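These protein sequences, in sequence, are chains A and P.
Throughout the first sequence, residue numbering follows the working numbering, covering 1 to 427 in sequence.
Throughout the second sequence, residue numbering follows the working numbering, covering 1001 to 1144 in sequence.
Built from N, CA and C at the ideal position, the CB exists for glycine as well.
Computed from a predicted structure; not experimentally measured.
Worksheet for the structure shown next.
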Amino acid sequence: MRKRYVIRPPDYGYSYEFASIHSPASAMVWPAKNVRIEYHAVEKRWGYVEDRDLGTGLDVNNIIIYQMKDGTRNTLYLTDANLCLKETGGSNTFSFKTDTYTTGTVTDITAAVVTGSGTAWNTNLAVGDKFILDTDHSSQIETDAQWAQILTVDGATQITLTASYGGTTGAMSATYKGRKVYTTPSNELWSYAVVDDKFCFTNGNSNVQKWTGTGYASDLDSTNAIKARYCKEYANRLILADLEISGTRDQLTLQWSKEGDPTDWTDSTAGQNQFIESEDYITGLGKSGSDLLVYKENSIIVAYRTGVSTAPIAFSSERRGVGLFAPYSLIESQDTNAFLGRDDFYVLVGDKPKGIGGEIRSFFWGDVTKANALLTVGFAVEEKDEFHWMATTTTNGQLDFVYNTRSNKWYVYDYGDTMVCGGKGAV
Amino acid sequence: MGNFGYYIGTSNGEVMQFDSSLYGDNTATINSQLVTKRIDFLDQSPEMIDRWKTVHAVKVTYVDLGAVSITVSVSTDGGENWTDSSATTIGTAGADNVIKTKTFWFIKTGQYFNFKISHTANTGRLKIVQVEVEYEEAGEHFVV
């Protein structure tokens, strides 16, 4: 006699907590992919379309919305080398907002040799930086084909490009741009914060940068804000962590700026703190509720604002045992933090981490090496109540492990492109 | 005030916008598939313990969100090998949002089964609300 086995509703999502035959009837296993659980049904996931092309072969490391007090809404992209602003209207694409040097004039370009006057290039440009004449530049329709790379800085008034300049040549008196590209360490992303209406960003290698919504980015403070790996706004101050102090990297120190001024690090209300009670390094900064959270590899330090100007932040407790293992897995959303720890995915309940990865943990760690897990990148799609964590697996390429915070279900996306980051932009 | 869009950045310089009205990855196909856990039917029919079973059909209940092609597959070795149905179009161009069913026929004998429903395309929506397996007891399990 024939029987019927009914899977209804097919809404359990991934299930690796039990041996497969003991899982609920509606459980999914790999290679289930590119489906999501919505209202107790299984749906094909949504897709994507190209919005901007920043250049072949480069990583788009961060996508950020920077909203200013005056209502201006900027969509920013950070690549290994540049800060870019999304431009709209007509055929506009994006513009570079990377730190740019424009002093002096160009007096002659012959083949690859550029001669200037009053330029002081020897102290302001470097090998690898980019050069273009303003007259050749469509600044809102990047990447302009006339950008040239500097091969050598020959002196205060001469540079040599890697190839003959493709734009205007010969004798001239012309303004120009020297784009001082950044270098982001391999496998690292940028960290960013908005303080005093300034967009501050840092990558652990360059001086901490600021962009004010006009002109180009520049050093925040080339003496006191150097090579920070993490930053965060808290108590109306810029917080930096894991940075270079007096020429030496210090992965255990956090420092904060003057209130309301991220460029002032010497005021009596600025300060710093060393976290030396546990030996592991700072791996990130987060905020949850009114707390500042300082993540280390195996612990979380909870801080609060005191209201005392000269000691504005108090570090009240260190919760040991669970920490932020993968620095860029940290997601701030839904008034909590979610992240990848050493053994599981966690979400903070209050300031206590709660494991959420039971149903996917063995699958994740079974196919993602510790080295690749360390590079996991997280982002939230709040509209769909989803936390996404993208990681490179050993046998299935890059996968996006998705946690639905409304249904507490896990599922997996496999994209048609290799992804580096996720974020929000203005539309 | 203004709206947000969700974006992802690639390793090839592209900024992609997630769009809930799109069902392709920048025109590339999305291979979406539901794969069940290993099923021996015991949770709903305990008497099937230690019995061979023959699967005859898989009935897919779906919401008609448009015409899409799906393939239903069954495996008796934990997903190493799959027996596929013919690709079959379900739903209608009118996308009337009505719940409908489509049955896929098999004759596949085993002790443990995985089922897969897959859809590979750069357009079209798929929404599955129920899966029903028709099977028959096929004798006591034995080891030679």
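Asked                                                                                                                                                                                                : Found
Which residue comes first and which comes last in the alpha helix (DSSP H) that contains F364 of chain A?                                                                                            : 361-367
Just how far apart, CA to CA, sit A32 of chain A and F325 of chain A?                                                                                                                                : 27 Å
Looking at chain P, is there any beta carbon in it that lies within less than 9 Å of the beta carbon of Q32 of chain A?                                                                              : A small fix is needed here, since residue 32 of chain A is Ala in this sequence, not Gln. For A32 of chain A, the answer is yes, since a Cβ of chain P falls inside 9 Å of its Cβ.
Could you check where the alpha helix (DSSP H) with T123 of chain A kicks off and where it finishes?                                                                                                 : 121-124
When the Cα of T248 of chain A is compared with those of A:T266, A:N224, A:T263, which residue comes out closest?                                                                                    : A:N224
Measuring CB to CB, does L76 of chain A end up less than 9 Å from K44 of chain A?                                                                                                                    : no
Quick one: what's got a C-beta closer than 7 Å to G13 of chain A's C-beta in the same chain, skipping five residues either side?                                                                     : M28, I37, E359, K409, W410, Y411
Hey, does P24 of chain A have any beta-carbon neighbour from chain P nearer than 9 Å?                                                                                                                : yes
Taking the alpha helix (DSSP H) that K370 of chain A falls in, what are its first and last residues?                                                                                                 : 370-373
For T392 of chain A, collect the residues of the same chain with a Cβ closer than 6 Å to its Cβ; drop the 5 residues on either side in sequence, then sort them by chain order.                      : N372, Q398
For E318 of chain A and S299 of chain A, I'd like the C-alpha separation in whole angstroms.                                                                                                         : 7 Å
Among P:F1113, P:D1040, P:E1134, P:I1128, which one has its Cα closest to the Cα of V1063 of chain P?                                                                                                : P:I1128
Buried or exposed: V60 of chain A, going by 16 or more other Cβ atoms within 10 Å of its Cβ?                                                                                                         : buried
For G1216 of chain P, would you say it is in contact with chain A, using Cβ-to-Cβ distances shorter than 9 Å as the test?                                                                            : In the structure as shown, chain P starts at 1001 and stops at 1144, and residue 1216 of chain P therefore has no counterpart that could be examined.
Could you tell me which residues DSSP puts in a beta bridge with H388 of chain A?                                                                                                                    : A:F379, A:V402
Could you check how far apart the C-beta atoms of F1106 of chain P and V1143 of chain P are, in whole angstroms? I think they sit under 8 Å.                                                         : With a Cβ gap of about 25 Å, F1106 of chain P and V1143 of chain P do not count as contacting.
Since V1060 of chain P contacts T1123 of chain P with CB under 8 Å, what's their CB separation in whole angstroms?                                                                                   : In fact, because the Cβ distance is near 19 Å, the residues do not count as touching under 8 Å.
Could you list the residues in the stretch 271-290 of chain A with a C-beta less than 8 Å from some C-beta on chain P, going in chain order?                                                         : none
Any idea what DSSP makes of M1048 of chain P, helix, strand or coil?                                                                                                                                 : helix
Chain A partners of N1003 of chain P, CB-CB under 7 Å?                                                                                                                                               : V427
Going by C-alpha distance, which of A:K232, A:Y165, A:A311, A:W389 is nearest T283 of chain A?                                                                                                       : A:K232
For Y182 of chain A, which residues from the same chain have a beta carbon less than 6 Å from its beta carbon, with the 5 sequence-adjacent residues on both sides left out?                         : A81, S206
Just verifying my parser: in three-state terms, what is the DSSP assignment at T135 of chain A?                                                                                                      : helix
With a floor of 3 residues, list each beta strand (DSSP E) that falls wholly inside the stretch 221-298 of chain A, ordered by position along the chain.                                             : 230-234, 237-245, 248-256, 271-274, 282-288, 291-296
If you compare alpha carbons, which of P:D1025, P:Y1007, P:I1117, P:D1050 is closest to Q1130 of chain P?                                                                                            : P:I1117
Does the distance from the C-beta atom of N1026 of chain P to that of Y48 of chain A stay below 9 Å?                                                                                                 : yes
How would you label K424 of chain A, buried or exposed, when you count the other beta carbons within 10 angstroms and need 16 or more for buried?                                                    : buried
Identify, in the order they occur along the chain, each residue of the same chain with its Cβ nearer than 6 Å to the Cβ of S218 of chain A, setting aside the five sequence neighbours on each side. : D99
Nearest-angstrom Cα distance between Y281 of chain A and S362 of chain A?                                                                                                                            : 26 Å
Give, in chain order, every unbroken run of the beta strand (DSSP E) that is at least 3 residues long and sits entirely within the stretch 1104-1143 of chain P.                                     : 1114-1121, 1127-1140
Assuming E386 of chain A and V402 of chain A make a contact with CB atoms under 8 Å, what is their CB distance in whole Å?                                                                           : 5 Å
Using the beta-carbon of each residue, which ones in chain A are nearer than 7 Å to T1010 of chain P?                                                                                                : V60, D417, T418, M419, V420
Taking the alpha-carbon positions, what's the K86 of chain A to G1110 of chain P distance?                                                                                                           : 57 Å
Tell me, please, which residues DSSP counts as bridged to D108 of chain A.                                                                                                                           : A:T115, A:A171
Since Q158 of chain A is in the beta strand (DSSP E), which residue starts that stretch and which ends it?                                                                                           : 158-161
DSSP three-state call for Y1023 of chain P: helix, strand or coil?                                                                                                                                   : coil
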